[in-house]
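In this note's numbering, the protein residues as written are 1 to 87.
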Amino acid sequence: MSDSTDLISRLSRVHVEQYYPTESASGYSTRLFRGLVVIMATALITTVILGIVLAFRTSRNKWPVWISLALGIVLPVLLLWLGQHHD
Numbered sequence: 001m002s003d004s005t006d007l008i009s010r011l012s013r014v015h016v017e018q019y020y021p022t023e024s025a026s027g028y029s030t031r032l033f034r035g036l037v038v039i040m041a042t043a044l045i046t047t048v049i050l051g052i053v054l055a056f057r058t059s060r061n062k063w064p065v066w067i068s069l070a071l072g073i074v075l076p077v078l079l080l081w082l083g084q085h086h087d
């Protein structure tokens with residue numbers, strides 16, 4: 001059980017602290033990792049935009065596309081707002 005939690009904590013540290021913790025990695029550059037993140041983010045945004053354009057071009061009824069876009073924006077914002085601890 002401790003091995004799996006150790007692996008999970010190491011993998012989560014990549015996202016939180018932007019490095020993979022290991023004893024042998026000291027003083028390494030994160031430039032390639034940052035470049036990869038920029039490429040992945042650009043690819044994601046491009047794919048989302050292409051999907052939206054394709055949805056509008058292939059749908060006869062545009063209202064389901066508009067509803068999906070609205071829910072895709074409003075629902076995450078609402079859930080994040082509801083998930084905050086209000087004191």
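The beta carbon of each residue, even a glycine, is placed where N, CA and C say it ideally should be.
Measure the beta-carbon distance from residue i to residue j and round it to whole angstroms, keeping in mind my assumption that it falls under 8 Å.
i: Val65; j: Phe56; result: 6 Å
Under the three-state reduction of DSSP, which class applies to residue i: helix, strand or coil?
i: Thr100; result: Any property of residue 100 remains undetermined from this structure, which presents the chain solely from 1 to 87.
i: Trp81; result: helix
i: Arg60; result: coil
i: Val65; result: helix
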